[in-house]
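Positions 1 to 189 (UniProt numbering) are the ones given, in order, by the sequence shown.
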Amino acid sequence: MAWNALFGPRPLLSGQTVLTLGTGGVSTFAIQLASAAGARVISTSSSDTKLNAIRKLGASETINYRIFPEWQDEVLRLTNGRGVDHVVEVGGGGTIERSVASTAVGGQIHMVGALSTGTLSPRSLIPWKTLRGIMVGSRADHEAMNNMIAYHEIRPLIGSVFPFDQVVEAYRYLESAAHMGKVVIELDA
């Protein structure tokens, strides 16, 4: 989904700026892909430890949203008031208004998931911003993504691996938001 968000109909270009939210699997992979493509990446998290880790994945700047609850203001400060070209939005109703406020005129907000519900005023999108829902891409998208992964030797961050008989624990861990990267459930062969 991170690939489809960044390289869909209006793909990310080198030199553009991307905002990622949190340190889950989609966000950490988006950081790696955007960085490999030559983008500037601004990332948010509630943990300084996680922010230090995602800098190693390619985040150019990081924002602790516990320190900056109005983190969109910090995004605008970091971009000299311009905003970002792409937002990989995984928070949903709890973050969408801030994501839209962080987006440059002509920018794109890629709605990958929704951890919470809420409302979005259509007025937020009037300054030529695009909100797009993301699903899994096509086979061609998958092949292009794999080519980029191989070329740049990208290793997606695997945060935790659970055996299939611990699937409930895996989902509880995911829900706790203590993870970083992808949470994997192994299936027996």
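Even glycine gets a Cβ: it sits at the ideal position worked out from N, Cα and C.
Assigned exposure category for residue i - 16 Cβ within 10 Å defines buried
i	result
residue 49	exposed
residue 29	buried
residue 80	exposed
residue 66	exposed
residue 45	buried
residue 175	exposed
residue 13	exposed
residue 140	exposed
residue 15	exposed
residue 107	buried
First and last residue of the uninterrupted beta strand (DSSP E) at residue i
i	result
residue 105	103-111
residue 86	84-89
residue 64	61-64
residue 21	17-21
residue 182	182-186
residue 130	130-133
Check whether residue i and residue j have beta carbons under 8 Å apart
i	j	result
residue 171	residue 160	no
residue 112	residue 1	yes
residue 57	residue 157	yes
residue 53	residue 31	no
residue 4	residue 137	yes
Residue i to residue j span [Cα, whole Å]
i	j	result
residue 128	residue 35	25 Å
residue 22	residue 188	30 Å
residue 90	residue 63	16 Å
residue 163	residue 182	14 Å
residue 38	residue 105	21 Å
residue 155	residue 149	7 Å
residue 78	residue 26	23 Å
residue 72	residue 96	10 Å
residue 166	residue 88	30 Å
residue 102	residue 20	11 Å
residue 177	residue 24	8 Å
residue 43	residue 61	6 Å
residue 17	residue 10	14 Å
residue 40	residue 131	20 Å
residue 110	residue 134	6 Å
residue 83	residue 186	40 Å
Boundaries of the alpha helix (DSSP H) in which residue i is found, first to last residue
i	result
residue 149	139-152
residue 191	Nothing about residue 191 can be read from this structure; the chain reaches only from 1 to 189.
residue 26	25-36
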